[in-house]
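Numbering-wise (this note's numbering), the sequence shown opens with residue 17 and increments by one. Idealized CB from N, CA, C, for every residue including glycine.
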Amino acid sequence: MSTKDFIEKDYYKVLGVPKDATEAEIKKAYRKLARENHPDANKGNVKAEERFKEISEANDILGDPKKRKEYDEARALFGNGGFRPGPGAGGGTFNFDLGDLFGGGAQSGGQGGFGGGLGDVFGGLFNRTGGGPGAGTRTQPRRGQDIESEVTLSFTEAIEGATVPLRMSSQAPCKACSGTGDKNGTPRVCPTCVGTGQVARGSGGGFSLTDPCPDCKGRGLIAEDPCDVCKGSGRAKSSRTMQVRIPAGVSDGQRIRLRGKGTPGERGGPAGDLYVVVHVKEHPVFGRRGDNLTVTVPVTYAEAALGGEVRVPTLGGPPVTLKLPAGTPNGRTMRARGKGAVRKDGTRGDLLVTVEVSVPKDLTGKARDALEAYREATADEDPRAELFKAAKGA
């Protein structure tokens with residue numbers, strides 16, 4: 017906001033008080049208007065937010081005796097944008113553009129000019145060094161902080177998706193003071209950062225960087241009478257339980273971002289995000305390899321040697337039947353399509369079935385006799401012949 021804008025603004029009219037109002041009357045008017053127009057009490061109301069900024073700006077000037085005196089003198093000198101000469105100048109008012117006075121080359125160094133003295137007056141009045149970025153007393157919306165939580169799901173919930181209750185503890189607007197930080201709900205604009213919540217620091221490279229204001233902790237506002245609950249910060253610890261939808265197909269250790277579910281913002285600012293780290297319990301039967309599920313299925317020696325059909329369990333669905341070719345070796349993996357985890361596009365991976373030949377610990381008489389007969393019939397076959405041949409050749 018330019019110096020011209022400041023001079024032409026009637027801060028007394030903004031607060032609804034006469035020009036001879038006492039400090040107590042100004043303070044009372046400000047508190048009443050600030051409470052009615054505070055952003056936390058008018059969420060989503062842009063007009064109320066702008067009105068609150070205007071009220072805070074007026075209080076910052078009129079609530080400070082020194083600034084108020086300089087403001088009154090400036091208004092008396094320039095009126096509503098017009099220069100009023102003293103007695104003997106012919107009377108009347110000479111209207112001209114204040115930009116000519118404060119702009120570049122505006123009699124800043126010549127005789128009879130107004131540059132140095134008036135620049136000092138307005139610099140002190142508005143706590144500004146010019147009309148550059150960051151000038152003015154506008155309090156900016158502030159985004160809420162991101163928060164992180166954890167949730168543990170069963171194997172099935174991770175594959176199919178689940179809605180789980182999540183109890184969150186985070187900082188939120190203090191209910192005792194409606195997020196203002198002040199007992200009366202009327203904080204004042206921070207004079208250090210002029211409501212921006214940031215202060216500039218030189219970098220030595222021809223430009224400046226900004227840091228959070230150390231006096232208002234980045235809020236842009238300072239409580240005159242700090243709230244007993246939040247100690248003037250405007251924020252208090254809050255607990256809430258929300259229902260969080262975990263999408264199907266999440267994996268162990270995955271970090272899910274939920275936009276706008278974090279700490280509420282300040283002065284109409286957006287809420288932060290919630291990050292949920294997912295932990296998945298192991299399943300006694302099924303495992304996972306990317307979008308595919310895995311399962312190990314025992315088969316008898318006869319099934320592996322002669323072939324046959326084998327029933328295989330699936331996760332949350334009916335069993336499937338796989339055809340086992342004759343001579344299937346131990347450890348061979350077969351595929352049941354579409355029986356795996358849910359992919360991002362809604363399709364499913366596969367179920368990878370690994371065959372494990374089961375060796376019986378105890379054999380009955382008939383089974384033992386049959387196996388003995390098989391051993392005699394295959395006595396000339398040496399399954400390890402190729403192994404020794406390869407070892408010797410290497």
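Beta-carbon contacts of residue i that lie in its chain and below 8 angstroms, excluding the five residues immediately before and after
{"i": "arginine 159", "result": "Gly281, Gly285, Pro286, Ala287 and Gly288"}
{"i": "proline 181", "result": "Thr257, Met258, Gln259 and Val260"}
{"i": "alanine 45", "result": "Leu31, Gly32, Val33 and Ala37"}
Buried/exposed call for residue i, threshold 16 Cβ in 10 Å
{"i": "aspartate 56", "result": "buried"}
{"i": "leucine 387", "result": "exposed"}
{"i": "phenylalanine 68", "result": "buried"}
{"i": "lysine 277", "result": "buried"}
{"i": "alanine 352", "result": "buried"}
{"i": "arginine 327", "result": "exposed"}
{"i": "glutamate 65", "result": "buried"}
{"i": "leucine 225", "result": "exposed"}
{"i": "glycine 305", "result": "It is arginine, not glycine, that sits at residue 305 in the sequence shown. Looking at its Cβ environment, which holds fewer than 16 other Cβ atoms inside 10 Å, arginine 305 is exposed."}
Close beta carbons around residue i, own chain, < 6 angstroms, minus the five adjacent residues each side
{"i": "alanine 239", "result": "Gly197, Asp198, Pro203 and Gly248"}
{"i": "arginine 271", "result": "Tyr291 and Val293"}
{"i": "valine 266", "result": "Ala174 and Val294"}
{"i": "threonine 310", "result": "Gly303 and Leu368"}
{"i": "alanine 264", "result": "Glu176, Gly177 and Val358"}
Test item: CB-CB of residue i and residue j under 8 angstroms
{"i": "cysteine 206", "j": "glycine 250", "result": "no"}
{"i": "isoleucine 42", "j": "leucine 49", "result": "no"}
{"i": "isoleucine 163", "j": "threonine 279", "result": "yes"}
{"i": "phenylalanine 171", "j": "lysine 355", "result": "no"}
{"i": "valine 369", "j": "threonine 344", "result": "no"}
{"i": "glycine 201", "j": "serine 72", "result": "no"}
{"i": "aspartate 227", "j": "threonine 208", "result": "no"}
Per DSSP, cross-strand counterpart(s) of residue i
{"i": "arginine 271", "result": "Val293"}
{"i": "glycine 227", "result": "Contrary to the premise, residue 227 reads as aspartate rather than glycine in this sequence. Beta-bridge pairing links aspartate 227 to Val215."}
{"i": "isoleucine 175", "result": "Bridge partners of isoleucine 175: none, in fact."}
{"i": "alanine 188", "result": "Ala252"}
{"i": "glutamate 39", "result": "Per DSSP, none; premise fails for glutamate 39."}
Inter-residue spacing [alpha-carbon to alpha-carbon] between residue i and residue j
{"i": "glycine 213", "j": "cysteine 229", "result": "5 angstroms"}
{"i": "alanine 357", "j": "asparagine 308", "result": "6 angstroms"}
{"i": "alanine 92", "j": "aspartate 26", "result": "12 angstroms"}
{"i": "glycine 195", "j": "arginine 51", "result": "11 angstroms"}
{"i": "tyrosine 390", "j": "leucine 340", "result": "21 angstroms"}
{"i": "asparagine 61", "j": "glutamate 70", "result": "15 angstroms"}
{"i": "serine 374", "j": "aspartate 366", "result": "24 angstroms"}
{"i": "alanine 216", "j": "leucine 237", "result": "17 angstroms"}
{"i": "leucine 403", "j": "glycine 409", "result": "10 angstroms"}
{"i": "alanine 318", "j": "aspartate 396", "result": "20 angstroms"}
{"i": "glutamate 392", "j": "isoleucine 262", "result": "60 angstroms"}
{"i": "asparagine 58", "j": "alanine 252", "result": "19 angstroms"}
{"i": "cysteine 243", "j": "methionine 184", "result": "24 angstroms"}
{"i": "lysine 85", "j": "alanine 188", "result": "39 angstroms"}
{"i": "alanine 342", "j": "proline 314", "result": "15 angstroms"}
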